[in-house]
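> Heads up: the sequence shown runs through residues 137 to 787, numbered per my numbering.
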Amino acid sequence: MTKKLKKSKKKQAPVKAPSKVTWQKNTKWHRIFIAVLGLVLYANTLGHNYAQDDAIVIYDNMFVQEGISGIPGLLSKDTFFGFFKEEGKANLVSGGRYRPLTPIMFAIEWAFFGKNPFIGHLLNVLIYAFLGIILYNTLLLLFKTGKNTTLPLLAVLITALYIANPIHTEAVANIKGRDEIMTMLGSILALFFSLRYYDSGEKKWFLFTLLSFFMALLSKENAITFLAVVPLAFMLFRNTGINKAMKATIPFVLSSIIFLVLRTSVLGVDFGGSPTELMNNPFIKFINNSWVPFSGPEKMATIIFTLGKYIQLLVLPHPLVHDYYPRAIDIMHFSDWKVLLSIALYVLMVVMAFLCWKKDKFISFGILFFLITLSIVSNIVFPIGTNMSERFMFMPSLGFSIVLGRVIYKYFGQSRFLLGISGLFILAYSFKTVSRNGVWKDDFTLFTSDVSEDTRSAKLLNAAGGAKSDKASKMNEGPEKTKLLNEAISHLTRAIEIHPTYRNAYLLLGNTHYYAKRYHEAIATYDKCLEISPGYREVMNNFPIILREGGKEMGKIQDFNTAELWLNRAFQMNPQDFETLRLLGITYGIKGQHQKAIEFFEKAIGVNPGEAVVYASMGTAYLNLGDREKSNFYFQKAKEIDPNALNHLSN
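#1: Can you tell me where the beta strand (DSSP E) holding Val428 begins and where it ends?
#2: Let me check understanding here. Comparing Cα to Cα, which of Val200, Thr158, Leu275, Ile194 lies closest to Gly541?
#3: For the candidate residues Met485, Val517, Leu267, whose alpha-carbon lies nearest to that of Phe505?
#4: Measure the Cβ-Cβ separation of Glu316 and Leu456 and say whether it is below 9 angstroms.
#5: Rank Thr756, Val749, Asp713 by C-alpha distance to the C-alpha of Gln729 and give the top, closest one.
#6: Grab me the residues of Phe248's own chain with a C-beta within less than 6 angstroms of its C-beta, minus the 5 sequence neighbours each way, in chain order.
#7: In terms of DSSP beta bridges, what is Lys739 paired with?
#8: Classify Gly746 as buried or exposed, calling it buried when 16 or more other Cβ atoms lie within 10 Å of its own Cβ.
#9: Got a sec? Which residues, its chain only, sit under 7 angstroms from Tyr186 by beta carbon, not counting five neighbours each side?
#10: Could you compute how far the alpha carbon of Ser401 sits from the alpha carbon of Lys213?
#11: When DSSP labels each residue in this structure, what does Lys421 get in the three-state scheme?
#12: Would you kindly report the start and end of the unbroken alpha helix (DSSP H) that includes Phe490?
#13: Could you tell me the alpha carbon to alpha carbon distance between Ile659 and Leu720, rounded to whole angstroms?
#14: Taking all protein chains shown into account, do 16 or more other C-beta atoms lie within 10 angstroms of the C-beta of His469, making it buried, or fewer, making it exposed?
#15: State buried or exposed for Pro453, treating a residue as buried only when at least 16 other CB atoms are found within 10 Å of its CB.
#16: Taking the alpha-carbon positions, what's the Val261 to Asp459 distance?
#17: Classify His91: buried if its beta carbon has 16 or more other beta carbons within 10 angstroms, exposed otherwise.
#18: Examine the Cβ distances between the segment 205-222 and the segment 608-623 and report whether three or more of them are shorter than 8 angstroms.
#19: Inspect the CB distances between the segment 499-515 and the segment 369-376 and report whether three or more fall short of 8 angstroms.
#20: How long is the line joining the alpha carbons of Trp702 and Phe714, rounded to whole angstroms?
#21: State the start and end residues of the unbroken alpha helix (DSSP H) segment that holds Ile440.
#22: With distances taken between CB atoms, is the gap from Pro241 to Leu534 smaller than 9 angstroms?
#23: Would you kindly work out how many angstroms separate the C-alpha atoms of Ser767 and Met754, rounded to a whole number?
#24: Between the alpha carbons of Val743 and Val517, how many angstroms are there, rounded?
#25: My guess is that Leu354 and Arg167 are in contact by the Cβ rule of under 8 angstroms, so how many angstroms apart are they, rounded?
#26: Counting only beta-carbon atoms, is Ile479 nearer than 9 angstroms to chain C?
#27: Using the beta-carbon count (16 or more within 10 Å), is His656 buried or exposed?
#28: Rounded to whole angstroms, what is the Cα-Cα separation between Glu633 and Gly601?
#29: Determine the direct distance from the alpha carbon of Asn598 to that of Leu628, and round the result to whole angstroms.
#30: Give me, in chain order, the residues of the same chain whose beta-carbon lies closer than 7 angstroms to that of Val151; leave out the 5 immediate sequence neighbours on both sides.
#31: Alpha carbons only, please: which of Ile207, Asn301, Ala291 is nearest the one belonging to Tyr178?
#32: Does the Cβ-Cβ distance between Tyr565 and Leu297 come in under 9 angstroms?
#33: Is the separation between the beta-carbon of Ser478 and that of Ile447 shorter than 9 angstroms?
#34: Rounded to whole angstroms, what's the CA-CA distance from Gly404 to Glu245? Just pull it up for me.
#35: Could you tell me the boundaries of the alpha helix (DSSP H) in which Gln201 lies?
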């Protein structure tokens, strides 16, 4: 008999179907979303030209133009040296600048692609999208609250708010702004690797932390604020004591020491004084024809107001401009309600940071991250050479995004309204970002667009005036040219009202008057410029031309005394200019001073003996003196060179 097989009495556990990963926890799709968001937001910059400070670090930088062979120069000099090309000028702003990493990237790009802004913009966009992915990964790791617990929805919300923020347009849409992107990327990577090192103990993460942070420091010095951010992150999100938190900072400290030694070896230890040029020191004012420092309360009130302005731009990023030089931020006083409001906001932030230390570590971390990374660009720690700049918010804005993202997540995280609320913020930010990108097309678009938003910055007015003047100078006569020249004169005049010793504004205003054929105004403006800055090279180069052309114009309207005066000034400044010598000869001839006319015609022949017209003029001068023999000699000489020379005498 065949035995029946016994069935096991144990019940088999039912096989569970794999749980479906919802979009809230799908980290793969989160990463794709962040990358696509970064790429789409800045895709409209790919056809842009160079703009703003791209000249300093790219196409007018002699080391970058040398390509790979220029890298040693970039490593051994101040970042601005390759543009100014002489010692001393690179250190116009207190402390100098040592940021060789991004110029090295530009030099490599130049070696392979030449002067090609498309490549620069493309890399900015790609690196920015990559930064978004790295930031998301870091937040996932940072927010780990248990063995396998993360908060992916909060992480993607914070990252999306950060990537979409319109205040970043200056850093991403302007190729030079890559230093901000690389600084943030290196700092966030370093934080990520330090968390991996703490969680796993693998030594390779220690090395990766050190190298990443060194990369950040070589991009821009403000990465050094992470020496305070990192222990804060460990204390809040790994519940470490102060000792363990400081231990986690060791690779950051080592990188900082190496960087500071390198920086000091290149720039020295001189952190500069207080420049007396308004464009390099916003905390001076013009009193009784001289520049004097702000009073202590004026300076502090102005700084505090500026800090409040940053919060306003983060909450409501409009209007945005690339320039906040004096007096875009006016001289402020503690009696002003806006200063008092700014004080109240920052006091509230500090109080909230400590109240939320245990109740809501995300809020606490976001606020303290903002304050710590803001400190180095606040003008409180040391002077930065300007009042403020939107690019200075590239790092601190993460703190704002953390707070905003946490508030949305906390109150709507389990609600069907989450997508709607967060989507509204991201869409509004995205719309502003894409529209703002358009003004970064080129210098002319940037300057003329922004000056319509703010007419209080001398630097912006100067830039807009110069851009309009330059464009008009290349146009044919007509209403459009006249309109541009008048607008340029208005901008430059206003710039000088704000900054009475702004020599570049005087130079450009003089040029613009010249293009408009307002010779009296051009010469008076140049005279004022030389009074402010004797020997100013650009004025000294241009002035003889303006005087010569003005003298010629005065001759046409028969104001021969003014013509003589201006032409003689032109001659004193450039005694070898053929046209000036010829015109002086004609002027003296018309005034009946024929011997003096002959003297200048002889000088003109000495400079350029091949011009028939001057021989013809010389013949006329001798004819007027009654010396027919010499007159015929010079007339014959003129005809030998040009048979029609005598017909040109009226010119």
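C-beta atoms are modelled at their ideal positions from N, C-alpha and C, and glycine is treated no differently.
On the basis of the data shown:
#1: Position 292 of the sequence shown, counted from the start, is the residue given in the question as residue 428. 426-429 is the span of the beta strand (DSSP E), which, as asked, contains Val428.
#2: As a first step, residue 541 is located in the sequence shown; it is residue number 405 there, counting from the start. Nearest C-alpha to Gly541: Leu275.
#3: Numbered from 1 along the sequence shown, position 369 holds the residue referred to as residue 505. When only C-alpha atoms are compared, the closest one is Met485.
#4: Locating residue 316 in the sequence shown gives position 180, where the first residue counts as 1. Locating residue 456 in the sequence shown gives position 320, where the first residue counts as 1. Not closer than 9 angstroms, so no.
#5: As a working mapping, residue 729 is identified with position 593 in the sequence shown. Taking only the C-alpha atoms, the option nearest Gln729 is Thr756.
#6: Numbered from 1 along the sequence shown, position 112 holds the residue referred to as residue 248. If we look at Phe248 and ignore the five residues flanking it on each side, it has no Cβ neighbours.
#7: For this step, residue 739 is matched to residue 603 along the sequence shown. Beta-bridge pairing links Lys739 to no other residue.
#8: Your numbering for residue 746 matches position 610 in the sequence shown. Within a 10 Å sphere around the beta-carbon of Gly746 sit fewer than 16 other beta-carbons, which makes this residue exposed.
#9: Position 50 of the sequence shown, counted from the first residue, corresponds to residue 186. Cβ within range, chain order: Ile194, Tyr195, Pro253, Ile311.
#10: As a first step, residue 401 must be located in the sequence shown, where it is residue number 265. As a first step, residue 213 must be located in the sequence shown, where it is residue number 77. Distance between the alpha carbons of Ser401 and Lys213 is about 10 angstroms.
#11: On the sequence shown, position 285 is the one that residue 421 refers to. In the structure shown, Lys421 sits in a strand (DSSP, three-state: E or B).
#12: Counting from 1 along the sequence shown, the entry for residue 490 is found at position 354. Residues 473-495.
#13: As a first step, residue 659 is located in the sequence shown; it is residue number 523 there, counting from the start. As a first step, residue 720 is located in the sequence shown; it is residue number 584 there, counting from the start. C-alpha separation (whole angstroms): 18 angstroms.
#14: Within the sequence shown, numbered from 1, the residue matching residue 469 stands at position 333. Exposed, since its Cβ has fewer than 16 Cβ neighbours within 10 Å.
#15: Here residue 453 corresponds to residue number 317 of the sequence shown, with the count starting at 1. Burial call: buried.
#16: Taking the first residue of the sequence shown as position 1, residue 261 is located at position 125. Taking the first residue of the sequence shown as position 1, residue 459 is located at position 323. Each residue's Cα considered, the two are about 22 angstroms apart.
#17: Any property of residue 91 remains undetermined from this structure, which presents the chain solely from 137 to 787.
#18: no
#19: yes
#20: Position 566 of the sequence shown, counting from 1, holds the residue named residue 702. Position 578 of the sequence shown, counting from 1, holds the residue named residue 714. Going by the C-alpha atoms only, they are around 15 angstroms apart.
#21: By 1-based counting over the sequence shown, the position of residue 440 is 304. Ile440 -> alpha helix (DSSP H) spans 432-451.
#22: Translated into the one-based positions of the sequence shown, residue 241 becomes position 105. Translated into the one-based positions of the sequence shown, residue 534 becomes position 398. As written in the sequence, residue 241 is Met, which differs from the Pro given in the question. For Met241 and Leu534, no; Cβs fall outside 9 angstroms.
#23: As a first step, residue 767 must be located in the sequence shown, where it is residue number 631. As a first step, residue 754 must be located in the sequence shown, where it is residue number 618. If you take the alpha carbons of Ser767 and Met754, they lie about 7 angstroms apart.
#24: As a first step, residue 743 is located in the sequence shown; it is residue number 607 there, counting from the start. As a first step, residue 517 is located in the sequence shown; it is residue number 381 there, counting from the start. The straight-line gap from Cα to Cα measures roughly 59 angstroms.
#25: Position 218 of the sequence shown, counting from 1, holds the residue named residue 354. Position 31 of the sequence shown, counting from 1, holds the residue named residue 167. At roughly 27 angstroms, the Cβ-Cβ gap does not stay under 8 angstroms, so Leu354 and Arg167 are not in contact.
#26: The displayed structure is made up of one protein chain only, and chain C is not part of it.
#27: Your numbering for residue 656 matches position 520 in the sequence shown. That one is exposed.
#28: Walking along the sequence shown from the start, residue 633 turns up at place 497. Walking along the sequence shown from the start, residue 601 turns up at place 465. Distance between the alpha carbons of Glu633 and Gly601 is about 14 angstroms.
#29: For the purposes of this step, residue 628 is taken as the residue at position 492 of the sequence shown. For the purposes of this step, residue 598 is taken as the residue at position 462 of the sequence shown. Roughly 5 angstroms separates the two Cα atoms.
#30: Taking the first residue of the sequence shown as 1, we reach residue 151 at position 15. Legend: pLDDT at Val151 = 49, less than 50; position of this residue unreliable, no value from coordinates given.
#31: Along the sequence shown, one-based indexing puts residue 178 at 42. Comparing Cα-Cα distances from Tyr178 to each of Ile207, Asn301, Ala291, the minimum goes to Asn301.
#32: Position 429 of the sequence shown holds residue 565. Position 161 of the sequence shown holds residue 297. Yes, these two residues count as a Cβ contact at 9 angstroms.
#33: Stepping through the sequence shown from its first residue, residue 478 is reached at position 342. Stepping through the sequence shown from its first residue, residue 447 is reached at position 311. Yes, these two residues count as a Cβ contact at 9 angstroms.
#34: As a working note, residue 404 is residue 268 in the sequence shown. As a working note, residue 245 is residue 109 in the sequence shown. Distance between the alpha carbons of Gly404 and Glu245 is about 30 angstroms.
#35: Taking the sequence shown and counting its residues from 1, one reaches residue 201 at position 65. From DSSP, the alpha helix (DSSP H) with Gln201 extends over 198-201.
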